[in-house]
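Trainee: Okay, handing you the structure first.
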Amino acid sequence: AAEKEASQQSTLGAYSPVDYMSITSFPRLPEEEPGGAAAESCLRARKEEDAFLGEQDTDPDSFLKSARLQRLPSSSSEMGSQDVSPLRETSKDPFSGDCSCRQDGLTVIITACLTFATGVTVALIMQIYFGDPQIFHQGAVVTDAVPCTALGIEVLNKQGSSVDAAIASALCAGIINPHTSGIGGGGVMLVHDIRKNESQVIDFRETAPFEIQEEVLQKASEAKVGLLVGVPGMIQGMHKAHQLYGRLSWSELLGLAAGIAQNGFNVTHDLAKAVTELKELNYSDRFRETFLPEGQPLLAGMLMKRPDLANTLDLVGAEGASAFYSGNLTQEIISEVKNYGGVLTEVDFSNYSALVKNPVHTVYRGHLILSPPPPHAGPALISALNILEGLNITSQISRENTFHWIAETLKIALTLASSLGDPSYDASVEASVEDMVSKSKAGVLRQLINDSQSFPSGLHIPPFSMESGHS
Amino acid sequence: ASQVLVMGPDDYIVAVVSSLNRPFGSGIITPSGILLNSQMLDFSWLNKTSNHSSLSPRNLIQPGKRPLSFLLPTVVRPAEGMCGTYLCVGANNGDKALSSITQVLVNVLTFNKNLSESLSLGRLYPQLQSNILQVDSEFPQEDIEFLEARGHHVDKVKVVSLVHGARRTNNFIIGVKDPRSVDAAGATIL
Chain Z
3 AAEKEASQQS
13 TLGAYSPVDY
23 MSITSFPRLP
33 EEEPGGAAAE
43 SCLRARKEED
53 AFLGEQDTDP
63 DSFLKSARLQ
73 RLPSSSSEMG
83 SQDVSPLRET
93 SKDPFSGDCS
103 CRQDGLTVII
113 TACLTFATGV
123 TVALIMQIYF
133 GDPQIFHQGA
143 VVTDAVPCTA
153 LGIEVLNKQG
163 SSVDAAIASA
173 LCAGIINPHT
183 SGIGGGGVML
193 VHDIRKNESQ
203 VIDFRETAPF
213 EIQEEVLQKA
223 SEAKVGLLVG
233 VPGMIQGMHK
243 AHQLYGRLSW
253 SELLGLAAGI
263 AQNGFNVTHD
273 LAKAVTELKE
283 LNYSDRFRET
293 FLPEGQPLLA
303 GMLMKRPDLA
313 NTLDLVGAEG
323 ASAFYSGNLT
333 QEIISEVKNY
343 GGVLTEVDFS
353 NYSALVKNPV
363 HTVYRGHLIL
373 SPPPPHAGPA
383 LISALNILEG
393 LNITSQISRE
403 NTFHWIAETL
413 KIALTLASSL
423 GDPSYDASVE
433 ASVEDMVSKS
443 KAGVLRQLIN
453 DSQSFPSGLH
463 IPPFSMESGH
473 S
Chain L
2 ASQVLVMGPD
12 DYIVAVVSSL
22 NRPFGSGIIT
32 PSGILLNSQM
42 LDFSWLNKTS
52 NHSSLSPRNL
62 IQPGKRPLSF
72 LLPTVVRPAE
82 GMCGTYLCVG
92 ANNGDKALSS
102 ITQVLVNVLT
112 FNKNLSESLS
122 LGRLYPQLQS
132 NILQVDSEFP
142 QEDIEFLEAR
152 GHHVDKVKVV
162 SLVHGARRTN
172 NFIIGVKDPR
182 SVDAAGATIL
């Protein structure tokens, strides 16, 4: 009997329920063993167990655990201790409840996790769109005068677009520094959309009057300054920019600029200096009243108000750009220009339009450079950068060499610029521009530069005359 | 010329340069307070001081035509992708603007100097007609001597041109005025 018992123990040990495949071949205990009612009962239970075990093939884990729990004690009881075993046979299937519960629990956990993750994701998305920004978008404004910079910032803070801010600031600049710009002048705006990588140039440069003649200009005396006046483009340019990119209302923008003129501002050092440098003495009384009040030049820091300009801006704000180009203001400008020998007419104003163009561009050291096309000198700037790029300027090169190269390059670029003009009046300008901005042309021009000797400008390319002035 | 540079939270860069030509333009002021320009001076036309050979045929005055301009609002962005340096600059003082903008761009993009330093460094301008190389008051004396040794006729002036700029690197934006200007101002929204 002892030998038989030892044999059974070793058999059980050999079929340790660690391995699933081992378990599936679990040894059957000898059925022929005698044992009375208890033995019969045990045998019946064993058969039920075996039948059950056969059904668990699909779930190895639960099978292993249940086998460990059920089979081993049962086996031990058969080894002579079944009467004292604390385990009791149960008629209820012990797996049916627990097992299904465990599966349901896993489902609940997964469902809960998915629900939680979905909720968090939705909350984050809503936070991005409706919540306070977590990354604060900055902005910057730079102008020639403090009040104009402040006005630009004010417009941005009012949720105005960058172009809105630029319009308000540019109009303000014409009020604070009337010697440099204003609605009687013109200019150019470059707008770049960072996200779309798109750029537009709004050209509101002045145009020559239709009745202008070069011969008249040549013979004009100093008294006929009216001949120097081109059709102003500032209001058209700002209006065009606003139509394309504006967010605040046109009247609000002009109202903000008018407020500066109405409420007054401190005379800038630059304006005061310009007034003191006035050489010509034949300015009108109106001019003198404005800039030389009581015969004295304006001083920096003095409070200056321009209610006349404020009313004009308010009018243009209320009635739109047409108030400037086909209204009483137009007649007033024409009349005043004619008083000074000029030739501006209503046709000049009604035909004026700000032009929207593409900028010229190049890639300089991994950066895209954008600048206005002709009649602006953008292509010459591009050419200068293309030439300099090939000179391989680095911080290792001596500063003196760098300055020499820059000076020689700029001579070439300025010479090229002097050959530009309005492409609408000369189709060959476009071809010149294409050549001017090309890298291959830059390579050719670079060969003209001598590393050790400066050459007179125009030695290689003759420049055209350019008035050396403030424009 | 006056300059306005804006880099807004809407991811737009705007540069505006406008002018009346001479200071106070033509000097004509209307009853509504509008000072009128003298922009016809930017055309190429024969006057007492110039000769026929130096006239630019493409910039001759014609009705409805726009004159050659050195108003150069300039924008810089990374050539590829969106990460990197964005820049906008403007300058005044006629053709000196071209010269000054070039030098500021070289300082920022070649020497990797910050914008403030790039704007404050001395600048030069080669005057074509007189063949004189103008340098501003910030230009180092030793460099002037070297340029003279290479045959440049150097003339020192107080200011060649005022250049303002704004720079954006990722979400950091800064507006910087030319330190030579007393009145200009750059402001940044934080």
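Chains as they are written, first to last, in the working numbering: chain Z, 3 to 473; chain L, 2 to 191.
We put the CB at the ideal spot given by N, CA and C, even for glycine.
DSSP has PRO127 of chain L in a bridge; who is on the other side?
Mentor: Mapped onto the second sequence, residue 127 of chain L falls at position 126. Paired residues: L:LEU134.
Trainee: Less than 6 Å between C-beta atoms, sequence neighbours within five positions excluded: which residues of the same chain meet that for PRO10 of chain L?
Mentor: Start at 1 with the first residue of the second sequence, and residue 10 of chain L comes out as number 9. There are no such residues.
Trainee: Do PRO309 of chain Z and THR278 of chain Z count as a contact pair if the criterion is CB distance below 9 Å?
Mentor: As a first step, residue 278 of chain Z is located in the first sequence; it is residue number 276 there, counting from the start. As a first step, residue 309 of chain Z is located in the first sequence; it is residue number 307 there, counting from the start. It is not a contact, given that the beta carbons lie outside the stated cut-off.
Trainee: Between VAL227 of chain Z and TYR342 of chain Z, which are expected to be in contact by the criterion C-beta below 8 Å, what is the C-beta distance as a whole number of angstroms?
Mentor: Against the first sequence, residue 227 of chain Z aligns to sequence position 225. Against the first sequence, residue 342 of chain Z aligns to sequence position 340. So it is a contact: roughly 5 Å between Cβ atoms.
Trainee: In its own chain, which residues sit with a C-beta less than 8 Å from the C-beta of ALA222 of chain Z, not counting the 5 before and 5 after it?
Mentor: Locating residue 222 of chain Z in the first sequence gives position 220, counting from the first residue. So the qualifying residues of the chain are LEU229 and GLY343.
Trainee: Who are the near neighbours of PRO361 of chain Z in its chain, counting only those whose CB is closer than 7 Å to its CB and skipping five residues on each side?
Mentor: Position 359 of the first sequence holds residue 361 of chain Z. Only LEU192, SER201, VAL203, LEU372, SER373, PRO374, PRO375 and GLY380 meet the Cβ criterion.
Trainee: Is it true that the CB of THR411 of chain Z sits closer than 9 Å to the CB of GLN393 of chain Z?
Mentor: Along the first sequence, read from residue 1 onward, the residue named residue 393 of chain Z stands at position 391. Along the first sequence, read from residue 1 onward, the residue named residue 411 of chain Z stands at position 409. At residue 393 of chain Z the sequence reads Leu, which differs from the Gln that was named. A contact, by the Cβ cut-off of 9 Å.
Trainee: Starting from HIS271 of chain Z, trace the alpha helix (DSSP H) both ways and give me its first and last residue.
Mentor: Counting from 1 along the first sequence, the entry for residue 271 of chain Z is found at position 269. Unbroken alpha helix (DSSP H) run through HIS271 of chain Z: 271 to 278.
Trainee: Would DSSP call MET304 of chain Z helix, strand or coil?
Mentor: Counting from one through the first sequence, the residue named residue 304 of chain Z turns up at place 302. Three-state DSSP puts MET304 of chain Z in coil, outside helix and strand.
Trainee: Strictly under 9 Å for the Cβ-Cβ distance: is GLY368 of chain Z near chain L by that measure?
Mentor: Against the first sequence, residue 368 of chain Z aligns to sequence position 366. So, interface residue.
Trainee: What residues match up with CYS89 of chain L in a beta bridge as DSSP calls it?
Mentor: Here residue 89 of chain L is taken as the residue at index 88 of the second sequence, counted from 1. Bridge partners of CYS89 of chain L: L:VAL76 and L:ALA167.
Trainee: Against HIS241 of chain Z, what residues of chain L qualify as contacts under a CB-to-CB distance less than 7 Å, listed in chain order?
Mentor: On the first sequence, position 239 is the one that residue 241 of chain Z refers to. By Cβ distance, chain L contributes nothing, its closest Cβ being about 14 Å from HIS241 of chain Z, past 7 Å.
Trainee: Within 10 angstroms of its Cβ, does GLY82 of chain Z collect 16 or more other Cβ (buried), or is it exposed?
Mentor: One-based indexing of the first sequence puts residue 82 of chain Z at position 80. Below a pLDDT of 50, predicted positions are generally treated as unreliable, and GLY82 of chain Z, at 43, falls in that range; the measurement from the model is reported next regardless. When all chains shown are included, GLY82 of chain Z counts as exposed.
Trainee: Of all the CB atoms in chain Z, is at least one closer than 9 Å to the CB of PRO180 of chain L?
Mentor: Residue 180 of chain L sits at position 179 when you count from the first residue of the second sequence. Not an interface residue.
Trainee: Is there a C-beta anywhere in chain Z that falls below 9 Å from the one on SER119 of chain L?
Mentor: Within the second sequence, residue 119 of chain L is the residue found at index 118, counting from 1. Closer than 9 Å: no.
Trainee: Should GLU391 of chain Z be labelled buried (16 or more other beta-carbon atoms within 10 Å of its own) or exposed?
Mentor: On the first sequence, position 389 is the one that residue 391 of chain Z refers to. Flag for GLU391 of chain Z reads buried.
Trainee: Assign VAL227 of chain Z to one of three DSSP states: helix, strand, or coil.
Mentor: Counted from its first residue, the first sequence places residue 227 of chain Z at position 225. Three-state DSSP puts VAL227 of chain Z in a helix.
Trainee: Give me, in chain order, the residues of the same chain whose beta-carbon lies closer than 6 Å to that of LYS114 of chain L; leave out the 5 immediate sequence neighbours on both sides.
Mentor: Walking along the second sequence from the start, residue 114 of chain L turns up at place 113. Closer than 6 Å at Cβ, skipping near neighbours: ASN108.
Trainee: Nearest CA to the CA of ASP12 of chain L: which residue from Z:SER352, Z:TYR247 and Z:THR117?
Mentor: Counted from its first residue, the second sequence places residue 12 of chain L at position 11. Per the Cα distances, Z:TYR247.
Trainee: What's the C-alpha gap between VAL431 of chain Z and GLN63 of chain L?
Mentor: Locating residue 431 of chain Z in the first sequence gives position 429, where the first residue counts as 1. Locating residue 63 of chain L in the second sequence gives position 62, where the first residue counts as 1. Taking the straight line joining both Cα atoms gives about 15 Å.
Trainee: For VAL190 of chain Z versus SER45 of chain L, is the C-beta spacing smaller than 9 Å?
Mentor: Residue mapping note: residue 190 of chain Z aligns to position 188 of the first sequence, counting from 1. Residue mapping note: residue 45 of chain L aligns to position 44 of the second sequence, counting from 1. Not a contact, by the Cβ cut-off of 9 Å.
Trainee: Would you say SER119 of chain L and VAL161 of chain L are within 9 Å of each other, going by their C-beta atoms?
Mentor: The residue given as residue 119 of chain L occupies position 118 in the second sequence. The residue given as residue 161 of chain L occupies position 160 in the second sequence. Taking 9 Å as the Cβ cut-off, SER119 of chain L and VAL161 of chain L do not qualify as a contacting pair.
Trainee: Rounded to a whole number of angstroms, what is the C-alpha to C-alpha distance between THR86 of chain L and THR109 of chain Z?
Mentor: The residue given as residue 86 of chain L occupies position 85 in the second sequence. The residue given as residue 109 of chain Z occupies position 107 in the first sequence. So the two alpha carbons sit approximately 51 Å from each other.
Trainee: Just curious, the alpha helix (DSSP H) that ALA168 of chain Z is in, first and last residue?
Mentor: Taking the first sequence and counting its residues from 1, one reaches residue 168 of chain Z at position 166. Element bounds for ALA168 of chain Z: 164 to 178.
Trainee: Can you pull the DSSP bridge partners for GLY188 of chain Z?
Mentor: To locate residue 188 of chain Z, count along the first sequence from 1; it is residue 186. Answer is L:SER20, bridged to GLY188 of chain Z.
Trainee: Between the Cα of VAL144 of chain Z and the Cα atoms of L:ALA2, L:ALA188, L:ILE30 and L:VAL155, which residue gives the shortest distance?
Mentor: Start at 1 with the first residue of the first sequence, and residue 144 of chain Z comes out as number 142. The shortest C-alpha separation from VAL144 of chain Z is found at L:ALA188.
Trainee: Kindly identify the DSSP beta-bridge partner or partners of SER45 of chain L.
Mentor: The count along the second sequence starts at 1 and reaches residue 45 of chain L at position 44. BP columns for SER45 of chain L point to L:LEU61.
Trainee: Strictly below 8 Å CB to CB, what residues from chain L border PHE132 of chain Z?
Mentor: The residue labelled residue 132 of chain Z in the question sits at position 130 within the first sequence. Correct list: empty, because the minimum Cβ distance to chain L is about 18 Å.
Trainee: Am I right that ARG78 of chain L and ILE196 of chain Z are in contact with their C-beta atoms under 8 Å? What's the rounded C-beta distance?
Mentor: Within the second sequence, residue 78 of chain L is the residue found at index 77, counting from 1. Within the first sequence, residue 196 of chain Z is the residue found at index 194, counting from 1. So it is a contact: roughly 7 Å between Cβ atoms.
Trainee: Kindly provide the ranges of any beta strand (DSSP E) runs that are 3 or more residues long and lie completely inside the segment 333 to 369 of chain Z, ordered along the chain.
Mentor: Within the segment 333 to 369 of chain Z, the complete beta strand (DSSP E) runs of at least 3 residues are 357 to 359 and 362 to 366.
Trainee: Enumerate in chain order the residues of its own chain whose CB-to-CB distance from PRO149 of chain Z is below 7 Å, with the five nearest sequence positions on each side excluded.
Mentor: In the first sequence, residue 149 of chain Z corresponds to position 147, counting from 1. Answer for PRO149 of chain Z: CYS174, ILE178, ILE262 and PHE267, listed in chain order.
Trainee: Could you give the distance in angstroms between the alpha-carbon of ALA320 of chain Z and the alpha-carbon of GLN128 of chain L?
Mentor: As a first step, residue 320 of chain Z is located in the first sequence; it is residue number 318 there, counting from the start. As a first step, residue 128 of chain L is located in the second sequence; it is residue number 127 there, counting from the start. So the alpha carbons of these two residues sit roughly 46 Å apart.
Trainee: Buried or exposed for VAL7 of chain L, please, with buried defined as at least 16 other CB atoms from any protein chain shown within 10 angstroms of its CB.
Mentor: Indexing the second sequence from 1 puts residue 7 of chain L at position 6. Buried, because 16 or more other Cβ atoms sit within 10 Å of the Cβ of VAL7 of chain L.
Trainee: Given a threshold of 16 other Cβ atoms within 10 Å of its Cβ, counted over all protein chains shown, does SER18 of chain Z qualify as buried or as exposed?
Mentor: As a working mapping, residue 18 of chain Z is identified with position 16 in the first sequence. Confidence is the limiting factor: at SER18 of chain Z the pLDDT is only 40, short of 50, which leaves the residue's position unreliable, though a coordinate-based value still follows. Flag for SER18 of chain Z reads exposed.
Trainee: Could you list which residues in chain L have their beta carbon closer than 7 Å to that of HIS486 of chain Z, in chain order?
Mentor: Chain Z is shown from 3 up to 473; residue 486 of chain Z falls before or after that span and cannot be answered.
Trainee: What residues are listed by DSSP as bridge partners for VAL203 of chain Z?
Mentor: Residue mapping note: residue 203 of chain Z aligns to position 201 of the first sequence, counting from 1. BP columns for VAL203 of chain Z point to Z:LEU192 and Z:LYS359.
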